[in-house]
Amino acid sequence: MRESLRRASVPARRQLITRLLRNASLAVLGLAGGAVAVKRRRLLREGKCLNQGGCRDCGVFGDCGLPRALSTRSVLARIRDGQ
Amino acid sequence: MTRLARITAFIVALLVPCLSALGELRFPPPEFESGYRFPEMAPLPVARPALYEYIDAALLVVALLLASYLILRRRSRRAIFGLMILALFYFGFVRDGCICPIGAIQNVTLTVFDSTYAIPLAAAAFFVIPLVFTLFCGRVFCGAVCPLGAIQDAVLIHPVRVPRWLESGLRLLAYTYLGAAVLFAAIGSAFLICRYDPFVGFFRLNGNWNILVLGVSLLVIGLFVGRPYCRFLCPYGVILRQLSRLSKRRVTITPSECIKCRLCEDACPFGAIREPTEDWPEGEYKIAKRRLTLFLLLLPVLVAAGGWAGYSLKERLARVHPRVRTAERVYLEETGQVTGTTNASDAFRTTGQTSEALYKEATEIRGQFAVGGAWLGVFIGFVAGGKLMALSVRRRRTEYEADPASCLACGRCYKYCPKEHERRKKTREAVGGR
């Protein structure tokens, strides 16, 4: 009786551990994703370039106040004005 | 046309455009006297607007949802293969194989270790999304979405069985590759996975000759050994392997009760089907227990040996870093041990930085490699010890099962199961009778 109880509880115990680990992994992935987003916002606030210096296709180029972006915008404006 | 002829035609069609890598540029670059050499790697793809990257991430989610449905619900190898070819076309050839989750490991590492680096959101999404799907549905990414897996799966014509001990040993390469890729990315030396991606040259129809040869070699091996890169080298596969052990749903060979007909036993080209186990005889059990104790005692020795070996390799590892190479060259030039200069040493002198500052920087990088190399060795020692211990542990199985870690969710085993045929027949009848 005791032996069969022990055997029966093995899959249940394994399932519980698996579920715990799965939820822990999901939590880690979620936290890591959140940390990445927070880091991006922090770097942006500190005036660091998020696109490794390349303004082309940069999502924040329009509002970026970094020197490279400012000079790129002024060049683009001059081109647009035909100067 | 036989299957072999069709596959040969497919490989030739795939490889012929790569011959353009040998072609000369129509307007070759001028030959400067500096002796500048172009970097020996596949050219980077053209930058794409951020919106496209979000569309790609959305398409990845759609492809994974579809893959999960086809693998776990529809259970159709033909449909899985169709999706795999579509994924190869889009994520491989259209998107030039970039960004891929495998390479994104390095972006994630860099964002952890470099406080000034922000990972592109698309790279983060490509890294995380397949992991989340693996936690719920097993390795559906490997089965039907990964372009690197698809290109190898498409050429597999005559699979041979790799002994389990050899497979387990060879898999250590993937762990080593993962550890090395993380180490080099963390120190900011190189993105190893991208540099040595064997198939990216095919996707971009261009690239370094040596890497193209490596890719072709893997495809030739892949004619007989199922997906050699995925099984023995893929660093992302190592992570997916561990997470798939925790997956909520996974591939089951039979849709109902297993009748142990053994028809599926040879169906899997990746050796992922595990046979039912019997209770160990008392004598064998005792031997296994003793062996496990021995390996447990051996584990710290392996970890320490690995750490020491990794630490001893610090000089060689550090030489991969361009600053260390430049420092060594500048030192040789300044002490008169070599004549002439290189592009790197000339470029360094134009910066106006002092040699001492460069040497100090190189020493710091060597120190980082000493610590990182030791950790890499510890990791490899730990994995090797774990693999040895796994030999002495036997999980009880009452029927034929796909090992969740090794199963690449290709769906080949479905068509071998008589119970699956029965299910399909019933489904057809139910649909026909409606």
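In the order they appear, the protein sequences are chains A and B.
For the first sequence, the numbering used here begins at 1 and goes up steadily by one.
For the second sequence, the numbering used here begins at 1001 and goes up steadily by one.
Cβ coordinates follow ideal geometry from the N, Cα and C atoms, glycine included.
Remember, it's a predicted structure, so these values are computed and weren't measured experimentally.
Start and end of the alpha helix (DSSP H) containing residue i?
| i | result |
| --- | --- |
| B:Ala1154 | Counting along the chain, B:Ala1154 falls outside any alpha helix (DSSP H), and DSSP gives it neither H nor E. |
| B:Tyr1416 | No alpha helix (DSSP H) holds B:Tyr1416; DSSP gives it neither H nor E. |
| B:Leu1183 | Arg1164 to Ile1187 |
| B:Asn1107 | Pro1101 to Phe1113 |
| B:Cys1137 | Leu1121 to Cys1137 |
| B:Lys1360 | Ser1355 to Ala1390 |
| B:Asn1343 | Asn1343 to Thr1351 |
| B:Val1263 | It should be pointed out that residue 1263 of chain B corresponds to Leu in this sequence rather than to Val. Careful: B:Leu1263 lies outside any alpha helix (DSSP H) and carries neither H nor E. |
| A:Ser74 | Pro67 to Arg80 |
| A:Leu50 | Premise fails: A:Leu50 is in no alpha helix (DSSP H) and is neither H nor E. |
| B:Phe1081 | Arg1077 to Ala1087 |
| B:Ile1193 | Leu1192 to Arg1195 |
| B:Ala1318 | Lys1314 to Ala1318 |
| B:Trp1280 | No alpha helix (DSSP H) contains B:Trp1280, which DSSP labels as neither H nor E. |
| B:Ser1217 | Trp1209 to Gly1222 |
| B:Thr1326 | Pro1322 to Glu1334 |
| B:Gly1201 | Val1200 to Phe1203 |
If you compare alpha carbons, which of the options is closest to residue i?
| i | options | result |
| --- | --- | --- |
| B:Thr1134 | B:Pro1418, B:Tyr1236 and B:Tyr1117 | B:Tyr1236 |
| A:Val38 | B:Val1128, B:Ala1118 and B:Thr1350 | B:Ala1118 |
| B:Val1378 | B:Gly1411, B:Ser1406, B:Leu1183 and B:Ile1102 | B:Leu1183 |
| B:Leu1064 | B:Glu1053, B:Val1128 and B:Gly1103 | B:Val1128 |
| B:Leu1060 | B:Lys1314, B:Cys1146, B:Phe1199 and B:Leu1214 | B:Cys1146 |
| B:Glu1334 | B:Arg1349, B:Val1320 and B:Tyr1229 | B:Arg1349 |
| B:Gly1103 | B:Ala1123, B:Ile1085, B:Asp1114 and B:Met1084 | B:Ala1123 |
| B:Asp1056 | B:Ile1080, B:Ala1067 and B:Ala1087 | B:Ala1087 |
| B:Ile1151 | B:Phe1081, B:Lys1360 and B:Ala1125 | B:Phe1081 |
| B:Ala1185 | B:Thr1351, B:Gly1373 and B:Thr1293 | B:Gly1373 |
| B:Ala1126 | B:Ser1115, B:Gly1143 and B:Cys1098 | Checking the sequence, you will find Phe at residue 1126 of chain B rather than Ala. It is B:Cys1098 whose Cα lies nearest to the Cα of B:Phe1126. |
| B:Cys1258 | B:Glu1401, B:Leu1296, B:Gly1283 and B:Cys1407 | B:Glu1401 |
| B:Thr1176 | B:Phe1113, B:Tyr1052, B:Val1371 and B:Leu1233 | B:Leu1233 |
| B:Leu1170 | B:Ala1384, B:Leu1051 and B:Val1160 | B:Ala1384 |
| B:Leu1246 | A:Gly65, A:Leu44, A:Arg45 and A:Arg22 | A:Arg22 |
| A:Glu46 | A:Leu70, A:Cys58 and A:Cys64 | A:Cys64 |
| B:Gly1411 | B:Pro1269, B:Gly1352, B:Phe1369 and B:Gly1340 | B:Pro1269 |
| B:Ala1409 | B:Glu1053, B:Arg1241 and B:Leu1297 | B:Arg1241 |
| B:Pro1295 | B:Ala1309, B:Thr1342, B:Gly1307 and B:Lys1387 | One detail in the question is off: residue 1295 of chain B reads as Phe in this sequence, not Pro. Nearest of B:Ala1309, B:Thr1342, B:Gly1307 and B:Lys1387 to B:Phe1295, Cα basis: B:Lys1387. |
| B:Thr1252 | B:Leu1051, B:Cys1407 and B:Thr1341 | B:Cys1407 |
Starting from the C-beta of residue i, find all residues in its chain whose C-beta is less than 8 angstroms away, skip the five residues before and the five after it, and write them out in chain order.
| i | result |
| --- | --- |
| B:Arg1394 | Thr1277, Trp1280 and Ala1288 |
| B:Pro1255 | Arg1075, Cys1417, Lys1419, Glu1420 and Arg1423 |
| A:Leu76 | none |
| A:Thr72 | Cys55 and Phe61 |
| B:Glu1265 | Ile1273, Glu1275 and Tyr1400 |
| B:Leu1110 | Tyr1117, Ile1119, Ala1185, Ala1186 and Gly1188 |
Quick one: which chain A residues come within Cβ less than 9 angstroms of residue i?
| i | result |
| --- | --- |
| B:Ile1119 | Val36, Lys39 and Arg40 |
Which residue or residues does DSSP assign as beta-bridge partners of residue i?
| i | result |
| --- | --- |
| B:Arg1231 | According to DSSP, which records beta bridges pairwise, B:Arg1231 is partnered with nothing at all. |
| A:Arg45 | Note: A:Arg45 sits in no beta bridge, so no partner. |
| B:Ala1305 | B:Ala1305 is not bridged to any residue. |
| B:Glu1401 | B:Arg1274 |
Return the chain-ordered list of same chain residues with a C-beta closer than 7 angstroms to the C-beta of residue i, the five sequence neighbours on each side being excluded.
| i | result |
| --- | --- |
| B:Lys1415 | Arg1077 |
| B:Ala1005 | none |
| B:Ala1362 | Arg1323, Val1324 and Ala1327 |
| B:Val1330 | Ser1345, Phe1348, Ser1355 and Leu1358 |
| B:Ser1068 | Phe1133, Cys1137 and Val1140 |
| B:Ala1305 | Gly1381 |
| B:Gly1215 | Pro1198, Phe1199, Gly1201 and Phe1202 |
| B:Gly1179 | Leu1376, Phe1379 and Ile1380 |
| B:Ile1221 | Pro1228 |
| B:Glu1024 | With a pLDDT of only 47 at B:Glu1024, under the threshold of 50, the placement of this residue in the model should not be trusted; the figure read from the coordinates follows. Result list for B:Glu1024: empty, nothing under 7 angstroms. |
| B:Met1084 | Ala1144, Ala1150 and Asp1153 |
| B:Gly1226 | Leu1156, Pro1159, Pro1269 and Phe1270 |
List, in order along the chain, the chain B residues whose C-beta lies closer than 7 angstroms to that of residue i?
| i | result |
| --- | --- |
| A:Ser25 | Leu1135, Leu1243 and Leu1246 |
| A:Met22 | Met is not the amino acid found at residue 22 of chain A; the sequence shown has Arg there. Within chain B, the residues near A:Arg22 are Leu1135, Leu1246 and Lys1248. |
| A:Leu50 | Ala1118 |
Cβ closer than 9 angstroms: which chain B residues qualify as neighbours of residue i?
| i | result |
| --- | --- |
| A:Leu29 | Val1128, Leu1131, Val1132 and Leu1135 |
| A:Leu43 | Ser1115, Thr1116, Tyr1117 and Ala1118 |
Against residue i, what residues of chain A qualify as contacts under a CB-to-CB distance less than 7 angstroms, listed in chain order?
| i | result |
| --- | --- |
| B:Ala1124 | Gly33 and Val36 |
Residues of chain A with CB closer than 8 angstroms to the CB of residue i, please, in chain order.
| i | result |
| --- | --- |
| B:Thr1111 | Val36 and Lys39 |
Closer than 8 angstroms by beta-carbon distance: list the chain B residues that pair up with residue i, in chain order.
| i | result |
| --- | --- |
| A:Thr72 | Under the 8 angstroms cutoff, chain B gives no residues; its nearest Cβ is about 14 angstroms from A:Thr72. |
Please return the same chain residues whose Cβ sits closer than 6 angstroms to the Cβ of residue i, not counting the five positions on each side in sequence.
| i | result |
| --- | --- |
| B:Pro1101 | Phe1126, Phe1127, Pro1130 and Tyr1236 |
| B:Leu1313 | Gly1373 |
| A:Leu70 | none |
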